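One structure is given here, and the rest of the page talks about it.
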Amino acid sequence: MSGVERTGSRCQACWQPLSADPDSLRLPVVRCVVVVPTYDERENVQAFLAAVRDAVPAADVLVVDDNSPDGTGALAEQSAAELGQIKVLHRPGKQGLGSAYRNGFQVALDEGYDVVVSMDVDFSHDPAVIPTMLTAIEAGADAVIGSRYVPGGGTANWPVHRRLLSRWGNRYTGSVLGLGVHDSTSGFRAYRSTALRAIEPGSTTAEGYAFLTELVRRLARHGCTVREVPIVFRDRELGTSKMSTRIIVESMLLVTRWGVADLLHRARARRRS
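Heads up, the sequence shown is in my numbering, so the first residue is 21 and it goes up one at a time.
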């Protein structure tokens, strides 16, 4: 099993290929919850929840809905009644991706789950990959990232400019922060609860996709073992993307600020030694 191991002040990234027999991995031997933020996803939410329940029947699902005007929360409640093992956390309004995950992760930790999975509800992330991620956790990983940028991974239905921007953003982030992972902005992840507690997601400050990078940065700082499995990210077919130029710019500015802070921290440490 390959992974991200601490080597000095940086991490070294490797990748884990997909299992050839995912059906044999359908039942996790740990308590697992899939945390899913939603906002205006009525076209996707019910089919997605059914797909997750089929992929990992023993796992629970926590939907974190920001009072979607299109009734996503009510549809999720309907699926919860029909399928079971689904809970819906209703929030008063749109508060952002980072805030939704902070709330969802805290609920998961408070309820004693062993593994917490995060993913998008629009089928950009394939629920069928979850068993492979759980297997990597059981093999010793503290966190697993579904990566577009390792062998076997990729993107589908993306325009050229979006592919280039995503690749550049991840390479820039990796270079500036020395995280040692290929895809620090992927939201498809699995965390061991002990690692999630250690990095204290509730104390993070970033929103949007910078929140995802902030979590990887904290995992690296705590010496956690982070592994990547290849995924094919498919652009949504239904609903509207929440990505915007403002979110991208804010994320890159935060990464730059963190990089400068890390450089200053290392410089002060060298002077003290």
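Don't be surprised by glycine CBs; every beta carbon is placed ideally from N, CA and C. For clarity, every value in this text was computed on a predicted model and none was experimentally measured.
Option in the options with minimal Cα separation from residue i
{"i": "Val135", "options": "Asp203, Val127 and Tyr59", "result": "Val127"}
{"i": "Phe208", "options": "Leu129, Cys244 and Tyr121", "result": "Tyr121"}
{"i": "Ala67", "options": "Ala240, Asn87, Thr92 and Leu284", "result": "Thr92"}
{"i": "Val81", "options": "Tyr59, Thr155 and Ile106", "result": "Ile106"}
{"i": "Pro89", "options": "Gly194, Glu63 and Ala78", "result": "Glu63"}
{"i": "Val246", "options": "Val280, Arg277, Ala78 and Leu199", "result": "Leu199"}
{"i": "Pro77", "options": "Arg241, Asp86, Pro57 and Val50", "result": "Val50"}
{"i": "Ala101", "options": "Leu69, Asn87 and Asn123", "result": "Leu69"}
{"i": "Asn87", "options": "Pro151, Val72 and Pro57", "result": "Pro57"}
{"i": "Glu218", "options": "His242, Ala289 and Tyr133", "result": "Looking at the sequence provided, one finds Ala at residue 218 rather than Glu. Ranking His242, Ala289 and Tyr133 by Cα distance to Ala218 puts His242 first."}
{"i": "Trp278", "options": "Phe231, Pro250 and Ile251", "result": "Phe231"}
{"i": "Ala71", "options": "Asp255, Gly124, Ser144 and Asn190", "result": "Ser144"}
{"i": "Glu131", "options": "Ser213, Ala94 and Val280", "result": "Ser213"}
{"i": "Cys52", "options": "Phe125, Pro179, Met272 and Leu273", "result": "Phe125"}
{"i": "Arg191", "options": "Gly172, Thr233, Trp178 and Ser293", "result": "Thr233"}
{"i": "Trp178", "options": "Pro171, Ser186 and Gly172", "result": "Ser186"}
{"i": "Ala281", "options": "Leu197, Gly174, Glu270 and Val252", "result": "Leu197"}
{"i": "His110", "options": "Gly160, Met153 and Tyr59", "result": "Tyr59"}
{"i": "Val252", "options": "Ser99, Ser167, Ser223 and Arg183", "result": "Ser167"}
{"i": "Glu97", "options": "Arg73, Ala79, Gly113 and Val65", "result": "Val65"}
{"i": "Arg254", "options": "Ala215, Arg183 and Arg288", "result": "Arg183"}
{"i": "Pro250", "options": "Val108, Gly174 and Pro151", "result": "Gly174"}
Sub-7 Å separation of residue i and residue j beta-carbons
{"i": "Val141", "j": "Glu61", "result": "yes"}
{"i": "Val275", "j": "Thr193", "result": "yes"}
{"i": "Asp203", "j": "Ile165", "result": "yes"}
{"i": "Val84", "j": "Asn123", "result": "yes"}
{"i": "Val137", "j": "Val201", "result": "no"}
{"i": "Ala75", "j": "Pro171", "result": "no"}
{"i": "Asp162", "j": "Ala79", "result": "no"}
{"i": "Arg73", "j": "Leu103", "result": "yes"}
{"i": "Met272", "j": "Ala210", "result": "no"}
Strand pairing of residue i, partner residues [DSSP]
{"i": "Lys107", "result": "Leu82"}
{"i": "Pro57", "result": "Val84"}
{"i": "Arg212", "result": "Val135"}
{"i": "Arg254", "result": "Ala176"}
Beta carbon proximity, residue i to chain C, threshold 7 Å
{"i": "Arg212", "result": "The structure shown contains no chain C, having only a single protein chain."}
inquiry  = Just to confirm the assignment: which complete beta strand (DSSP E) runs, minimum length 3, are found wholly within the stretch 226 to 252?
reply    = Runs found: 246 to 250.
key: the stretch 109 to 125 / the stretch 210 to 228 touching (three or more Cβ pairs under 8 Å)   = yes
query = Which ranges does the beta strand (DSSP E) cover as unbroken runs of at least 3 residues, wholly within the stretch 135 to 209, from first to last along the chain?
reply = 135 to 138, 163 to 167 and 174 to 176
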